[in-house]
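J.: Chains A and B, in that order, give the protein sequences. Position in the first sequence counted from 1, then plus 43, gives you the numbering used here. Position in the second sequence counted from 1, then plus 1457, gives you the numbering used here. Glycine included, each C-beta is placed from N, C-alpha and C at the ideal position. Below is one structure. I have some questions about it.
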Amino acid sequence: MKRVIYILPLAAFVVIAAYLGVGLTRDPHTLPSVLIDQEVPPFSLAAIEGREKGFSSADLIGEVSLVNVFGSWCVACRIEHPFLMRLKDDNVVPIHGINWREENRQAGPAWLARFGDPYTLIGDDPESKGAIAFGVSGAPETFIVDARGVIRYKHIGPITPEVWESTLWPLIQELRKG
Amino acid sequence: MKRTLTILILVLLAMPAWAVQPGEMLDDPALEARARTISKDLRCVVCQNQSIDDSDAHLARDLRVLVRERLVAGDSDREVVDYVVSRYGDFVLLTPPFKPATYALWFAPPLIAGLGVLAVFFYYRRRRSAGVAVEPRPLTEEQRKRVERLLGDEPP
């Protein structure tokens, strides 16, 4: 009985070490989204320069679509961009853009003119209204929204071909079935 | 002396560098005070260990403005906080909510402190009872004489 007491601190240490050890392997920047399986909160964003139409929550009803948060200031967005262009060329799913927090009204359009424009609709979001609606904490972030306007998936960071093949594309196909 | 005094006065007059910019503040001091209180408990999701009231991040600024807009629109403090939580989750609250998922968080510190107090209590109780149980053996005649000699009551 007495022996057990001497083992207790070691046991406690092992439990705590295991717990914290698991914690170390997780990325603290990947916040769980509370918005999964929730309707997109209402938002309405103006058009960027050179486009007629802006982007609002009502535009998400009717078809499975991607919503991609990007900015000309965002380095990782540039890494992701060629892949978005490829998706657009293959015409697999409508990609809508939230042009987040550009310093001036020309920066976003100029960036798209230079690297290509994969977006069906784009909303200008200088005050983070759209970003906050989606609970965004950094760019790029991409959401899969189903035909009823419900957020079904959130991807943080650039979309890579691997993520697309393994997660995003299968989910889109599944959502299309109903 | 005069120079030292001037420097001292200037240092005391200097304001800390607040993250909240004058342009963001509301004209109504009561609403502004409520906005400050709310934003002190909302986490900046970019720089995760600062409140949005402390943070210079762009997103923190936009959230501060949003908090003020909701207040001006007539939301209660609770409604403003719920609005932000509905988008970012409980994670944005610097004071975690009290609910089953966070019981461990709330109960662990008092529980561990209580165990510590119990351990100290039992340790001392056992030590005291052990002391009572062992009677000191009486000194032998030789030892008693030596003590007296050392204490110097009797000449050697």
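Can you find the residues in the same chain that come closer than 7 Å, C-beta to C-beta, to Y162 (chain A), ignoring five residues on each side of it along the sequence?
T.: Closer than 7 Å at the Cβ level, and outside the excluded window around Y162 (chain A), lie I138, H139, G140.
J.: Taking the continuous alpha helix (DSSP H) assigned at D226 (chain A), which residues delimit it?
T.: Past the edges of chain A, shown from 44 to 221, lies residue 226 (chain A), and the structure says nothing about it.
J.: Let me know the secondary structure DSSP gives E123 (chain A) once reduced to three states.
T.: Helix at E123 (chain A).
J.: Just by C-beta distance, which residues in the segment 1507-1521 of chain B are closer than 9 Å to chain A?
T.: Hits within the stretch, in order: H1515, L1516, R1518, D1519, L1520.
J.: So what's S87 (chain A) in DSSP terms, helix, strand or just coil?
T.: Looking at S87 (chain A) - three-state DSSP - the assignment turns out to be strand.
J.: Indicate the three-state DSSP secondary structure (helix, strand or coil) for L1483 (chain B) in the structure shown.
T.: In the structure shown, L1483 (chain B) sits in coil (DSSP, three-state: anything other than H, G, I, E or B).
J.: Can you name the residues of chain B whose CB is closer than 7 Å to the CB of G178 (chain A)?
T.: Going along chain B in sequence order, the residues near G178 (chain A) (Cβ under 7 Å) are R1544, Y1545.
J.: Give the secondary structure of K131 (chain A) by DSSP, where H, G and I count as helix, E and B as strand, and everything else as coil.
T.: In this structure, K131 (chain A) counts as helix in the three-state DSSP scheme.
J.: Taking the alpha carbon of G97 (chain A) as the point to measure from, which residue in A:I165, A:Q216, A:S209 has its own alpha carbon closest?
T.: Per the Cα distances, A:I165.
J.: For V1482 (chain B), which residues from the same chain have a beta carbon less than 6 Å from its beta carbon, with the 5 sequence-adjacent residues on both sides left out?
T.: Note on identity: in this sequence residue 1482 (chain B) is Met, with Val being the wrong assignment. Taken in chain order, the residues that qualify are E1489.
J.: Whose C-beta lies closer than 6 Å to the C-beta of S100 (chain A) among residues of the same chain, with five residues either side of it excluded?
T.: Here the set comprises V83, P85, F86.
J.: Using a Cβ-Cβ distance under 8 Å, would L63 (chain A) count as near chain B?
T.: So no, L63 (chain A) is outside the interface.
J.: Report the rounded CA-to-CA distance for T1552 (chain B) versus G93 (chain A), giving the unit in angstroms.
T.: Going by the C-alpha atoms only, they are around 45 Å apart.
J.: State the DSSP-derived secondary structure class of I141 (chain A), mapped to helix, strand or coil.
T.: Correct three-state label for I141 (chain A): strand.
J.: Across the segment 121-129 of chain A and the segment 193-203 of chain A, are there enough close Cβ pairs to call them in contact, namely three or more that are closer than 8 Å?
T.: Taking 8 Å as the limit for Cβ pairs, the verdict is that the segment 193-203 of chain A does touch the segment 121-129 of chain A.
J.: In the DSSP assignment, the alpha helix (DSSP H) including F158 (chain A) goes from what residue to what residue?
T.: Taken as a continuous stretch (DSSP letters only), the alpha helix (DSSP H) holding F158 (chain A) covers 150-158.
J.: How would you label Y1545 (chain B), buried or exposed, when you count the other beta carbons within 10 angstroms and need 16 or more for buried?
T.: Burial call: buried.
J.: I'd like to know whether the C-beta of V1524 (chain B) is nearer than 8 Å to at least one C-beta of chain A.
T.: It does not: the Cβ of V1524 (chain B) has no partner Cβ on chain A nearer than 8 Å.
J.: Report yes if the C-beta distance between K197 (chain A) and F186 (chain A) is below 8 Å; otherwise report no.
T.: Yes, the Cβ-Cβ distance between K197 (chain A) and F186 (chain A) is below 8 Å.
J.: Check this for me: beta carbons of L1499 (chain B) and V1541 (chain B), under 8 Å apart or not?
T.: Cβ distance < 8 Å, so L1499 (chain B) and V1541 (chain B) count as in contact.
J.: With burial defined as no fewer than 16 other Cβ atoms inside 10 Å of the residue's Cβ, what is the status of A176 (chain A): buried or exposed?
T.: It counts as buried.
J.: Among the residues of its own chain, which have a CB less than 8 Å from the CB of S76 (chain A), if the five just before and after it don't count?
T.: Same-chain partners within the cutoff: G178, I194, K197.
J.: Return the residue from the list B:V1549, B:I1495, B:R1525 that minimises the CA-CA distance to D1407 (chain B).
T.: Residue 1407 (chain B) falls outside the range modelled here, since chain B spans only 1458 to 1613, and no answer is possible.
J.: Under a CB-based cut-off of 8 Å, is I194 (chain A) close to chain B?
T.: I194 (chain A) does not count as touching chain B.
J.: Quick one: measure Cβ to Cβ for S1496 (chain B) and D1510 (chain B), integer angstroms, because I've assumed they're closer than 8 Å.
T.: Yes, they are in contact, since the Cβ atoms of S1496 (chain B) and D1510 (chain B) sit about 4 Å apart, within 8 Å.
J.: If you run the structure through DSSP and keep just helix, strand and coil, what is R1582 (chain B)?
T.: In the structure shown, R1582 (chain B) sits in a helix (DSSP, three-state: H, G or I).
J.: Less than 8 Å between CB atoms is the rule here; does P183 (chain A) satisfy it with respect to chain B?
T.: No, P183 (chain A) lies away from the interface with chain B (no Cβ there is under 8 Å from its Cβ).
J.: V1537 (chain B) lies in the alpha helix (DSSP H); which residues open and close that run?
T.: First-last of the alpha helix (DSSP H) with V1537 (chain B): 1534-1545.
J.: CB-CB under 8 Å to E1536 (chain B), same chain, minus the five flanking residues each way: which ones, in chain order?
T.: Here the set comprises R1527.
J.: Going by beta-carbon coordinates alone, are S115 (chain A) and L1516 (chain B) separated by less than 8 Å?
T.: Result no, Cβ atoms of S115 (chain A) and L1516 (chain B) do not sit closer than 8 Å.
J.: Using the beta-carbon of each residue, which ones in chain B are nearer than 9 Å to V77 (chain A)?
T.: Result: V1542, S1543, R1544, Y1545, G1546, D1547, F1548.
J.: Check for me: the alpha helix (DSSP H) holding T1463 (chain B) runs from which residue to which?
T.: Taken as a continuous stretch (DSSP letters only), the alpha helix (DSSP H) holding T1463 (chain B) covers 1459-1470.
J.: Could you tell me which residues DSSP puts in a beta bridge with S1496 (chain B)?
T.: DSSP, once it has assigned bridges, lists no residue as partnering S1496 (chain B).
J.: Under 8 Å between the Cβ atoms of D189 (chain A) and V107 (chain A)?
T.: Yes; because the gap between Cβ atoms is below 8 Å, this pair is in contact.
J.: Can you tell me which of the three DSSP states R195 (chain A) falls into?
T.: Residue state, collapsed to three classes: strand.
J.: Please state whether DSSP places V110 (chain A) in a helix, a strand or coil.
T.: Three-state result, V110 (chain A): strand.
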